[in-house]
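**Q**
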Amino acid sequence: MYQYDEFDQALVDQRCLEFRDQVQRRLTGELSEDEFKPLRLMNGLYLQLHAYMLRVAIPYGVLSAEQMNKLAFIADKYDKGYGHFTTRQNIQFNWPQLAETPDILEALASVQMHAIQTSGNCIRNITTDPFAGVAADEEVDPRPIAEWLRQWSTLHPEFRYLPRKFKFAITGSANDRAAIKLHDIGLRLKRNDAGETVVDVWVGGGQGRTPKIAQLFKPAVALSELLPYLEAILRVYNLYGRRDNKYKARIKILLAETGLEKLQAQVEEAYAAINRQEFADSLADLERINGRFIQPDLTESGAIADAERPVWAMRLNALANHSDIAPQERKHYTEWLTQCVREHSHSAHASVVISLKKHGDIPGDMTSAQMRGVADIAQSYGYNEIRVTHRQNLVLPQVAIHDLVSVWRALQQLKLAVSNVDLPSDIIACPGLDYCALATARSIPIAQDIAQTIEKVESGAQGMTVNISGCINACAHHHVASIGILGLDRGGVENYQITLGGQSDQAARLGDRMGPGIAADEVAPTVERIVHFYKQERLTGERFNETYQRLGKAPFKSVIYGEEHVAKTA
Amino acid sequence: MSLKLLSIDGSVRELSLEDMAHSQRLDATDPETALVAMRKLNLHQPVTVTLGNSADGRSFSVLSQVRQHCAQQKDVWVTGNLLPDQITLAFQCGATAAVIDAENWERRGEFGWRNALSPATQLGYRAQVWSEVGSIPALRKTG
Ligand code: SF4
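Respectively, the protein sequence lines represent chains A and B.
One point on numbering: in our numbering, the residue at position 44 of the first sequence is 1398, and numbering is uninterrupted.
One point on numbering: in our numbering, the residue at position 106 of the second sequence is 115, and numbering is uninterrupted.
Next up, the structure:
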């Protein structure tokens, strides 16, 4: 992973001092709340329903064991002993005191972390594939480019007060695990015929009340042109994005209102006017950044030549018969291998996904003891590295195959050997009415209820996603879930709208709204019926969305509302 | 109304309305008009850019373009209802001085204003601070 140099460290240290001064000025009343608000937001500090919330950046979702230990320390000392991992691969602390936030930032800076630009109308944490650098299907490792963009966008003086927040995602694989088409800018790294890295730039994706799939804005941008081209897009957006209505302020609306061709022309004009001299060193900067990525030295022991490498499913079968696994453990171990262990580009290794979705627990929450435990596992077996996924889980990106049994046992001790990754109970849920000032309904208790209800029926429903948002802002990405659930307030009563058939990968698609919303206590049984119906109707190997597309809306509406209701409203 | 001119080198002086009269004016709160007017600027005369409120980021895109357009012009000033944190960004986008009215100056105190352009505050990967010799690249690292 990337190691700070002196400049990086000086910058976060300076920000701590600056924020300490700003907090002091707020506490003495020199700054009004209105004046303080944009400054605190630049440092990830929100005012929530009950208290301040601090969102800490985890750049492109990569954490070291030492950093995880520091997060555990912060959770214990300044919060209530836990943290919450988010869909932007960050972590949130829900109970910090304003006066203590400068101390928290200092603790973070001591392990090369910060909270810069995790909120406010600026370029937010850049997200990427949680299997970046290790996925067997990867063409280009996106992490150095994500770090390059992090540095370019961090404290960029021109783009600190954009019309609205701005989100980037990057992937270097044809299988998009970073949801690039749901971001303001999505970057797909690939190789051209000459073997050079080029970048397809997608613009205008997003969720919220006007969900949009991004459009291909410019294909195959050379790396030498990438920063000035992105600067041109941001400049046009900064100047012409709407500021009169925050719900129409994202670049997706500018694109829709301006039209693709006209916006492309405006960007080209801005791009032509950019002083290229300013970017003369940008490739050298990328080189320097590359040089500061410490790559683990993966041992060759146990490696299998590519030609002899069995397909992954067969390999998992063989691994399940490990001699250290007692007969009574075999079922659980096999489930865990199937659901949580992924193929690695290096044949003697695998990636392990740690589900933070134990049935009935709060999705994405982790106690300080679990954080320390995972840090220990990463130190012992995982080359010191941990990733956060946009589905609010963790990944140990590289674990030697021969250590899998030990890792499983250690995760069991922590109650983290939960075999539901990519199953419907692997729910993304936003904080909803339990914490969020903007919420119109609860998400967390509904997610807990769903997970417990479907635990017995979800086996085999691989890749079927359930996402639940507590308001139209769609922080939990409900538009792009197999089953999307949106909590609304109808005359003081919670009401949940269901969408089906969404997905966030390379074939990104928005879900279809099924009809009127349903009551809170109806949500879990409804999800259970949908899962059951899918498993009953699917053809061999068919994923949920394929079954849904083949059968169409009607039978699913009957499952949700009952035959009678559908007949009446037909 | 008395005005202070806080320059990038940290010096402060009283400014008269007459001084201001010598400077060409651009209003960044109306970017389209400002960017058209920018092309007609006399590149040998100082420019003063009026910034919008602190959350109106359009000002910084206008200012960045004015700086590029007037690369040889030493004096690019900013004015408006400024905050110290805002002038930090303005200096990073190419301003060389900030025009601050006396009441605002008093409210934040001299320390607050000077702190806005201390070398530490100016740290940034894309920061570019201008002086008589042009941009100081030592403060930039990426881009
Ligand atoms: S979707 Fe709404 S309720 Fe949920 S976190 Fe976002 S703003 Fe809050």
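A virtual CB, placed ideally from N, CA and C, is assigned to each residue, including glycine.
1. May I ask you to list, following chain order, the residues of the segment 1498–1519 of chain A that have a beta carbon less than 8 Å from some beta carbon of chain B?
2. Going along the chain, which unbroken runs of the beta strand (DSSP E) with 3 or more residues stay wholly within the segment 1723–1803 of chain A?
3. If you draw a straight line from the alpha carbon of L1787 of chain A to that of K1911 of chain A, how long is it in whole angstroms?
4. For chain A, is any of its Cβ atoms less than 8 Å away from the one on R2 of chain B?
5. Should N1827 of chain A be listed as close to the ligand SF4, given that the test is whether its C-beta is under 7 Å from any heavy atom?
6. What does a CB cutoff of less than 7 Å around R22 of chain B pick up in its chain, not counting 5 residues either side in sequence?
7. Under the criterion of a Cβ to heavy atom distance below 7 Å, does G1526 of chain A qualify as lining the ligand SF4?
8. Does the beta-carbon of L1792 of chain A, which I'm using as the reference point, lie nearer than 7 Å to any heavy atom of the ligand SF4?
9. Check whether the Cβ atoms of A99 of chain B and P1392 of chain A lie closer than 8 Å to each other.
10. Have a look at I1628 of chain A and K83 of chain B and give me their C-alpha separation to the nearest angstrom.
11. Whole angstroms are fine: how far does the CA of A1638 of chain A sit from the CA of Q1363 of chain A?
12. Relative to the C-alpha of A1729 of chain A, which candidate in A:L1770, A:V1621, A:E1697, A:N1774 has its C-alpha closest?
13. Only counting runs of 4 or more residues, tell me where the alpha helix (DSSP H) segments fall wholly within the segment 1867–1899 of chain A, in order along the chain.
14. Touching or not, the segment 1440–1447 of chain A and the segment 1739–1754 of chain A, by the rule of three or more beta carbon pairs under 8 Å?
15. From A1574 of chain A to S70 of chain B, what does the alpha carbon distance come to, in whole angstroms?
16. Any heavy atom of the ligand SF4 closer than 7 Å to the CB of P1785 of chain A?
17. Would you kindly work out how many angstroms separate the C-alpha atoms of M1355 of chain A and A1533 of chain A, rounded to a whole number?
18. Going by other Cβ atoms of all chains shown within 10 Å of its Cβ, with 16 needed for buried, is A1908 of chain A buried or exposed?
19. Terminal residues of the continuous alpha helix (DSSP H) containing V1665 of chain A?
20. Take I1716 of chain A as the anchor and find which of A:R1684, A:A1659, A:Q1806 has the nearest alpha-carbon.
21. Can A1830 of chain A be considered in contact with the ligand SAM, in the sense that its beta carbon sits closer than 7 Å to one or more heavy atoms?
22. Does the separation of the CB atoms of L72 of chain B and A104 of chain B fall below 8 Å?
23. Assign E1460 of chain A to one of three DSSP states: helix, strand, or coil.
24. Measuring from the CB of L32 of chain B, is there a heavy atom of the ligand SF4 at a distance below 7 Å?
25. Using the beta-carbon of each residue, which ones in chain A are nearer than 8 Å to F69 of chain B?
26. List the endpoints of the continuous alpha helix (DSSP H) containing Y1625 of chain A.
27. To the nearest angstrom, how far is the alpha carbon of L35 of chain B from that of E41 of chain B?
28. Three-state secondary structure (DSSP) at V1297 of chain A?
29. Between the segment 53–67 of chain B and chain A, which residues of the former have a C-beta closer than 7 Å to a C-beta of the latter?
30. CA-CA distance, Q1471 of chain A and N113 of chain B?
31. Contact criterion: CB-CB distance below 8 Å. Does R135 of chain B meet it with respect to chain A?
32. Do the CB positions of I1839 of chain A and V1877 of chain A come within less than 8 Å of each other?
33. What number of angstroms, rounded off, separates the C-alpha of D1349 of chain A from the C-alpha of Y1414 of chain A?
34. Considering F120 of chain B, what are the terminal residues of the alpha helix (DSSP H) in which it resides?
35. Just the C-alpha distance for A147 of chain B and L1509 of chain A, rounded to the nearest angstrom, thanks.
36. Leaving out five residues before and five after L1854 of chain A in sequence, what residues of the same chain have Cβ atoms less than 8 Å from its Cβ?
**A** So, from the data block:
1. Those residues of the segment 1498–1519 of chain A placed with their C-beta closer than 8 Å to a C-beta in chain B are W1502, Q1505, W1506, T1508, L1509, H1510, P1511, E1512, F1513, R1514, Y1515, L1516, P1517, ordered along the chain.
2. As far as the segment 1723–1803 of chain A is concerned, its whole beta strand (DSSP E) runs of at least 3 residues are 1739–1742, 1748–1754.
3. Those two C-alpha atoms are separated by around 28 Å.
4. For residue 2 of chain B there is no data in the structure shown, the boundaries of chain B being 10 and 152.
5. It does: the Cβ of N1827 of chain A is within 7 Å (strictly closer) of some heavy atom of the ligand SF4.
6. Around R22 of chain B: L14.
7. With a cutoff of 7 Å, G1526 of chain A does not count as near the ligand SF4, since its C-beta is closer than that to no heavy atom of the ligand.
8. Relative to the ligand SF4, the nearest heavy atom lies less than 7 Å away from the CB of L1792 of chain A.
9. For A99 of chain B and P1392 of chain A, no; Cβs fall outside 8 Å.
10. Computed Cα separation, rounded: 20 Å.
11. Approximately 20 Å between the Cα atoms of the pair.
12. Considering only alpha carbons, the answer is A:L1770.
13. Whole alpha helix (DSSP H) segments, 4+ residues: 1874–1891.
14. Yes, the segment 1440–1447 of chain A is in contact with the segment 1739–1754 of chain A.
15. Answer to the nearest angstrom: the Cα atoms are 27 Å apart.
16. At least one heavy atom of the ligand SF4 sits closer than 7 Å to the Cβ of P1785 of chain A.
17. Annotation: M1355 of chain A to A1533 of chain A spans about 22 Å, alpha carbon to alpha carbon.
18. By the 10 Å Cβ count, A1908 of chain A comes out exposed.
19. No alpha helix (DSSP H) holds V1665 of chain A; DSSP gives it neither H nor E.
20. Comparing C-alpha distances from I1716 of chain A to each of A:R1684, A:A1659, A:Q1806 shows the shortest one belongs to A:Q1806.
21. The ligand SAM is not among the ligands present in this structure, which contains only the ligand SF4.
22. Taking a C-beta distance under 8 Å as the contact criterion, L72 of chain B and A104 of chain B qualify as a contact pair.
23. If DSSP states are grouped into helix, strand and coil, E1460 of chain A belongs with the helices.
24. A small correction: the amino acid at residue 32 of chain B is Ser; Leu does not occupy that position in the sequence shown. Not under cutoff, so the answer is no.
25. Going along chain A in sequence order, the residues near F69 of chain B (Cβ under 8 Å) are P1511, E1512, F1513, R1514, Y1515, N1592.
26. Annotation: the continuous alpha helix (DSSP H) that includes Y1625 of chain A extends over 1614–1627.
27. Using only the alpha carbons, I get a separation of about 11 Å.
28. Any property of residue 1297 of chain A remains undetermined from this structure, which presents chain A solely from 1355 to 1924.
29. Flagged, chain order: S63, A64, D65, G66, R67.
30. For Q1471 of chain A and N113 of chain B, the distance between alpha carbons rounds to 28 Å.
31. It does: the Cβ of R135 of chain B has a partner Cβ on chain A nearer than 8 Å.
32. Cβ distance < 8 Å, so I1839 of chain A and V1877 of chain A count as in contact.
33. With chain A running from 1355 to 1924 in the structure shown, residue 1349 of chain A is simply not present.
34. Taken as a continuous stretch (DSSP letters only), the alpha helix (DSSP H) holding F120 of chain B covers 111–124.
35. Low per-residue confidence applies at A147 of chain B: pLDDT is 42, beneath 50, and the placement is therefore not dependable enough to give any value.
36. S1836, I1837, G1838, G1865, D1866, M1868, I1884, Y1902, K1907, F1910.
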